[in-house]
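These notes are about the structure you will find just below.
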Amino acid sequence: MMLSLDGIEAGYGGLRVLHGLSLEVAAGELVALVGANGAGKSTTLRVASGLLRPSAGRVVFDGEELTGLPGHAVVRRGLVQVPEGRALFGPLTVAENLAMGAFHTGEPADRVLELFPRLAERLDQRADTMSGGEQQMLAIGRALMTRPRLLMLDEPSVGLAPLMVRAVFDALGRIRESGVAILLVEQNAAQALALADRAYVLENGVITLSGTDLAGDERVRRAYLGL
Amino acid sequence: MNRTISRAGLAAVVAAAVIAGAWARSGSGTVTAQAVLTGLLLGGVYALVAMGLTLIFGVLDIVNFAHGAFMTLGMYATALLASSAGLNPYLTLLVSVPLLFGVGYVVQRHMVSRTMGGSLAAQLLLTLGIAMLLENSLLLAFSGDTRTVPVSFDTPLRVLGAVADLSRVLAFVGAMSLAGAVWLLLTRTRLGTAIRAVAANPEGASLVGLDVRRLHALTFAAGTACAGAAGTLVTPLVTVEPTAGELFNIIGFVVVVLGGLGSVPGAVAGGLIIGLTEQLGGLYLPGQSPLLVVFGVFVLVLLWRPQGLFGRPA
Ligand SMILES: Nc1ncnc2c1ncn2[C@@H]1O[C@H](COP(=O)(O)OP(=O)(O)OP(=O)(O)O)[C@@H](O)[C@H]1O
Ligand SMILES: [Mg+2]
Numbered sequence: 001m002m003l004s005l006d007g008i009e010a011g012y013g014g015l016r017v018l019h020g021l022s023l024e025v026a027a028g029e030l031v032a033l034v035g036a037n038g039a040g041k042s043t044t045l046r047v048a049s050g051l052l053r054p055s056a057g058r059v060v061f062d063g064e065e066l067t068g069l070p071g072h073a074v075v076r077r078g079l080v081q082v083p084e085g086r087a088l089f090g091p092l093t094v095a096e097n098l099a100m101g102a103f104h105t106g107e108p109a110d111r112v113l114e115l116f117p118r119l120a121e122r123l124d125q126r127a128d129t130m131s132g133g134e135q136q137m138l139a140i141g142r143a144l145m146t147r148p149r150l151l152m153l154d155e156p157s158v159g160l161a162p163l164m165v166r167a168v169f170d171a172l173g174r175i176r177e178s179g180v181a182i183l184l185v186e187q188n189a190a191q192a193l194a195l196a197d198r199a200y201v202l203e204n205g206v207i208t209l210s211g212t213d214l215a216g217d218e219r220v221r222r223a224y225l226g227l
Numbered sequence: 001m002n003r004t005i006s007r008a009g010l011a012a013v014v015a016a017a018v019i020a021g022a023w024a025r026s027g028s029g030t031v032t033a034q035a036v037l038t039g040l041l042l043g044g045v046y047a048l049v050a051m052g053l054t055l056i057f058g059v060l061d062i063v064n065f066a067h068g069a070f071m072t073l074g075m076y077a078t079a080l081l082a083s084s085a086g087l088n089p090y091l092t093l094l095v096s097v098p099l100l101f102g103v104g105y106v107v108q109r110h111m112v113s114r115t116m117g118g119s120l121a122a123q124l125l126l127t128l129g130i131a132m133l134l135e136n137s138l139l140l141a142f143s144g145d146t147r148t149v150p151v152s153f154d155t156p157l158r159v160l161g162a163v164a165d166l167s168r169v170l171a172f173v174g175a176m177s178l179a180g181a182v183w184l185l186l187t188r189t190r191l192g193t194a195i196r197a198v199a200a201n202p203e204g205a206s207l208v209g210l211d212v213r214r215l216h217a218l219t220f221a222a223g224t225a226c227a228g229a230a231g232t233l234v235t236p237l238v239t240v241e242p243t244a245g246e247l248f249n250i251i252g253f254v255v256v257v258l259g260g261l262g263s264v265p266g267a268v269a270g271g272l273i274i275g276l277t278e279q280l281g282g283l284y285l286p287g288q289s290p291l292l293v294v295f296g297v298f299v300l301v302l303l304w305r306p307q308g309l310f311g312r313p314a
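So this is what it looks like as C-alpha cells:
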C-alpha cells in the first residue's frame with residue numbers, strides 16, 4: 001500500500017473526532033472518502049498531512065512511518081493536500097503561488113499550465129482576485145508543483161458552478177492518468193463515487209463501509225446519494 | 001495604482017501646506033528648510049526601525065516590545081568597537097548586523113516561538129521582559145555611564161539651503177539603502193517570496209513544504225538585524241545608554257501603525273512623515289515635546305484612515 005492510516009485516534013482538545021480510523025490507498029488509485037458534515041473527513045486529511053498529531057495509530061507512506069512528522073516534511077515525501085478553503089497565498093500572484101509549490105522540487109510549471117490553461121493567462125494576477133473555480137485550479141496546480149505521488153483533496157468542488165465542477169473533476173481524471181494516486185473527500189458523493197476506483201464511508205469518526213461499488217449499495221444510495 | 005498616485009498627490013499637497021505654515025510661523029525660510037532636512041534625515045532611520053517591526057508583525061503576528069532594546073545592543077556593539085578597537089563606526093555594521101541577526105534567530109526560536117498564536121498579553125510580557133533583561137544586562141556590564149561616539153571625519157554639509165552633519169546624511173543613506181535591500185529581498189528572491197507566503201497563509205505554506213518555524217525565525221532575525229543596523233547608524237548622533245533604544249521603539253510603533261500594519265512601503269513613508277512631523281512640530285509648538293505633535297498627527301491620520309496609510313481595510 002502506498003498510504004495507510006491504521007487505527008487513528010485524533011481530535012481537538014478534549015473533543016475526540018476519529019475513533020480508530022483505518023484506510024488505505026494503493027499506488028495509482030483514486031479513492032473517495034464520503035461522509036456527512038462533521039464526520040471527520042477533514043480531520044482525517046489533517047492527520048495524514050502532519051497538520052494534526054494523532055493520539056494513537058500510525059500513518060505509513062511508501063513503507064515509511066510519518067506519524068508525528070511536521071507538515072512540511074510530509075509534503076517533501078510526496079504526500080500533499082489541497083485543503084478545505086484552499087489555503088492560497090492571497091496577496092501573491094498566480095506565478096508566485098506556483099513557484100512556492102516548486103520551492104523544493106524546482107518543478108517547471110509547464111504541466112500545470114497545460115492542465116489548467118486558464119492559469120497561464122493569469123500568471124501575474126493576485127490569487128485572491130480570481131474566481132472560486134480559478135482559485136481551486138491554482139490550489140490543485142500549486143499542490144502538483146510539489147511533485148506528489150499521492151494527492152489528497154478536501155471538497156474541491158464546494159461552492160463551484162456546475163461547469164467548473166466538471167472542469168475540476170476532468171482534471172482529477174487526467175492527474176490520475178499521469179500516475180498520481182488521489183484521495184478525494186467530497187460532499188458531491190455521486191460524482192466522486194462515479195470517478196473513484198474505490199470508496200470509504202466515514203461516520204462519526206470510523207469507517208463504516210468500503211468497497212468498489214458503493215454507488216450500488218442501498219444504504220449509501222439512501223444516505224449520500226438521496227435516491 | 002491610481003488611488004496610490006492620488007494619495008501620494010494628496011500627501012504632497014498636505015506636506016507643502018504644512019511646510020508653508022511652518023515657514024509663516026517661524027518667519028524664516030532657513031529655519032524651515034533646516035527642520036525639513038533634519039526631519040527627513042532622521043525619518044530615514046525611523047523607517048528602518050519600523051521596517052523591522054512591521055516585518056515581524058506582518059509575518060509572525062508578534063508585537064515586539066524588545067525591538068528598541070535590540071537597537072540598543074547594536075549601539076553598544078558599535079560604541080565598544082569604535083572606542084576600544086578604534087574602528088570606523090560605520091564599519092561596525094559588519095558586526096552589529098550579523099550579531100543582531102543571530103540574537104534575533106535564537107530569541108525567536110527559543111522564546112518567542114512559545115507564544116506564537118498566544119494571547120497579546122503573553123507576547124507583551126515576553127517581549128517586554130526580554131527588553132528589560134537586555135537593558136539591565138547592559139546596565140550591569142557597562143554601568144549607567146553614557147557614551148558618545150564622535151565620527152572623526154564628520155563635517156557639516158550644505159543641503160538645500162540647510163546644513164546637515166555628514167553623520168546624519170550617512171545615517172539616512174545607510175538606512176534607506178538597507179530598507180531598499182530588505183524590500184528587494186522580499187519581492188525579488190525565492191526566500192522573500194516564501195516569507196510573504198508564510199505571512200499570507202502559514203498553513204498553506206506548510207502544505208507546500210515550507211518550514212514555517214524556520215521562516216518565522218529567519219524573519220524575526222532579519223527584523224532584529226534592521227534594529228541592529230539602525231542602532232549602529234544612529235550611534236554617532238545619540239548618547240549611548242542602556243535605555244537609548246526605547247524612544248525609537250515607541251516611534252517605531254507609531255510609524256508602523258501609521259503606515260499600515262505589516263506594510264513595508266508604509267513603514268518607509270510613515271518614517272519620513274514622522275521625522276518631518278517631529279521637526280516641523282517644533283516650529284508650530286516651540287518649547288513643547290516634539291512627541292506631542294507626533295502623537296497628534298498620529299491620531300488625526302488614524303481617524304481618517306484607521307487601517308493606516310498603506311494598510312488594507314479590514
Ligand atoms: N480546529 C478545530 N477545533 C475544534 N473542533 C474542530 C476543529 N476542526 C474540526 N472540529 C470538529 O471536529 C469534528 C469533525 O470535523 P471535520 O472538519 O473533520 O469534519 P468533516 O467531515 O470534514 O465535515 P465537513 O463535511 O463539514 O467539512 C466536527 O465536530 C468539528 O466541529
Ligand atoms: Mg471538512
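Protein sequence lines, in the order shown, are assigned to chains V and C. End of the first sequence sits at 227 in the numbering used here; the numbers just go up one at a time, nothing left out. End of the second sequence sits at 314 in the numbering used here; the numbers just go up one at a time, nothing left out. Cβ atoms here follow ideal geometry from the backbone N, Cα and C, with glycine treated the same way.
Could you check the C-alpha separation between Leu-91 (chain C) and Ser-178 (chain V) for me, to the nearest Å? 57 Å
Pairs of beta-carbons, one from the stretch 92-99 of chain C and one from the stretch 254-262 of chain C, closer than 8 Å: are there three or more? As far as the Cβ criterion goes, the stretch 92-99 of chain C does not touch the stretch 254-262 of chain C, which means the pair count is below three.
Near-chain C residues of the stretch 133-153 of chain V - C-beta to any C-beta below 9 Å: Taking 9 Å as the Cβ-Cβ cut-off against chain C, the residues of the stretch 133-153 of chain V that qualify are Ala-139, Arg-142, Ala-143, Met-145 and Thr-146.
Which residue spans inside the stretch 244-275 of chain C form an unbroken alpha helix (DSSP H) run of at least 4? 246-259
So, for Leu-215 (chain C): in the same chain, excluding its five sequence neighbours on each side, which residues have a beta-carbon less than 8 Å away from its beta-carbon? Val-59, Ala-194, Ile-195, Val-198 and Ala-205
Sorted by chain position, which residues of the same chain lie with C-beta nearer than 6 Å to Arg-46 (chain V)'s C-beta, five sequence neighbours on each side aside? Leu-52, listed in sequence order.
Cβ-Cβ distance between Leu-276 (chain C) and Gly-39 (chain C) below 7 Å: yes
Counting only Cβ pairs nearer than 9 Å, list the residues of chain D close to Val-80 (chain V). In the structure shown, chain D cannot be found, because the protein chains are V and C.
Looking at the secondary structure, which residues open and close the beta strand (DSSP E) in which Tyr-76 (chain C) lies? Tyr-76 (chain C) -> not in any beta strand (DSSP E); alpha helix (DSSP H) instead, spanning 67-84.
Less than 8 Å between the CB atoms is what I'm expecting for Lys-41 (chain V) and Leu-33 (chain V), so what's the real figure, rounded? 6 Å
Can you tell me whether Met-132 (chain C) is buried or exposed, with buried defined as 16 or more other CB within 10 angstroms of its CB? exposed
Nearest to Leu-183 (chain V) (by Cα), restricted to the options V:Leu-209, V:Val-201, V:Asp-154 and V:Asp-170: V:Asp-154
Arg-76 (chain V) at chain C interface by Cβ criterion, 7 Å: yes
Any 3 or more C-beta pairs closer than 8 Å across the stretch 13-24 of chain C and the stretch 217-229 of chain C: no
So which of V:Ala-10, V:Val-17 and V:Met-2 has the shortest CA-CA distance to Asn-204 (chain V)? Minimum Cα distance to Asn-204 (chain V) is reached at V:Val-17.
Say yes only if the C-beta of Thr-43 (chain V) is nearer than 6 Å to one or more non-hydrogen atoms of ligand 1, and no if none qualify. yes
Where does Pro-156 (chain C) fall in DSSP's three states? strand
Exposure of Thr-235 (chain C), with buried meaning 16 or more beta-carbon neighbours within 10 Å: buried
Where DSSP assigns a beta bridge to Gly-11 (chain V), which residues make up the other side? V:Arg-16
I'd like to know whether the C-beta of Ala-131 (chain C) is nearer than 7 Å to at least one C-beta of chain V. Ala-131 (chain C) does not count as touching chain V.
List, from N- to C-terminal side, the alpha helix (DSSP H) runs of 4 residues or more that fit wholly inside the stretch 162-209 of chain V. 162-177 and 189-195
Is the beta carbon of Leu-23 (chain V) sitting closer than 7 Å to the one on Phe-61 (chain V)? Cβ atoms of Leu-23 (chain V) and Phe-61 (chain V): not closer than 7 Å.
Burial state of Trp-23 (chain C) (16 or more Cβ within 10 Å): Buried, because 16 or more other Cβ atoms sit within 10 Å of the Cβ of Trp-23 (chain C).
Anything in chain C within Cβ reach of His-19 (chain V), meaning under 8 Å, just list it in chain order. Correct list: empty, because the minimum Cβ distance to chain C is about 25 Å.
Which residue's Cα is closest to the Cα of Ile-130 (chain C): C:Ala-217, C:Asn-88 and C:Met-111? C:Met-111
For Phe-57 (chain C) versus Leu-128 (chain C), is the C-beta distance shorter than 7 Å? no
Tell me, to the nearest whole angstrom, how far the beta carbon of Ala-162 (chain C) is from that of Gln-34 (chain C); I am working on the premise that it is less than 8 Å. Contact check for Ala-162 (chain C) and Gln-34 (chain C): beta-carbon distance about 4 Å, within the 8 Å limit, so the pair qualifies.
Tell me, please, which residues DSSP counts as bridged to Phe-101 (chain C). Its beta-bridge partners do not exist; DSSP assigns none.
For Thr-54 (chain C) and chain V, any beta-carbon pair shorter than 7 Å? Closer than 7 Å: no.
Could you check the C-alpha separation between Ser-28 (chain C) and Leu-283 (chain C) for me, to the nearest Å? Approximately 10 Å, taken between the alpha carbons.
Local conformation of Phe-329 (chain C) per DSSP, three classes: The first residue shown for chain C is 1 and the last is 314, placing residue 329 (chain C) beyond what the model contains.
Just to confirm, does Glu-84 (chain V) get its C-beta within under 6 Å of one of the non-hydrogen atoms of ligand 2? yes
Mind checking the stretch 81-112 of chain V against chain C and listing, in chain order, the residues whose C-beta falls within less than 7 Å of any C-beta there? Residues passing the 7 Å Cβ filter: Gln-81, Pro-83, Ala-87, Leu-88, Phe-89, Gly-90, Pro-91, Leu-92, Glu-96, Ala-99, Met-100, Gly-101, Phe-103 and His-104.
Quick one: which residues of the stretch 45-63 of chain V get their C-beta closer than 9 Å to a C-beta of chain C? List them in chain order. So the close ones are Ser-49, Gly-50 and Leu-51.
Closer than 6 Å to a non-hydrogen atom of ligand 1 - does that hold for the CB of Tyr-12 (chain V)? Relative to ligand 1, the nearest heavy atom lies less than 6 Å away from the CB of Tyr-12 (chain V).
Using 7 Å as the threshold, is the C-beta distance between Val-294 (chain C) and Glu-278 (chain C) below it? When the beta-carbon positions are compared, Val-294 (chain C) and Glu-278 (chain C) come within less than 7 Å of each other.
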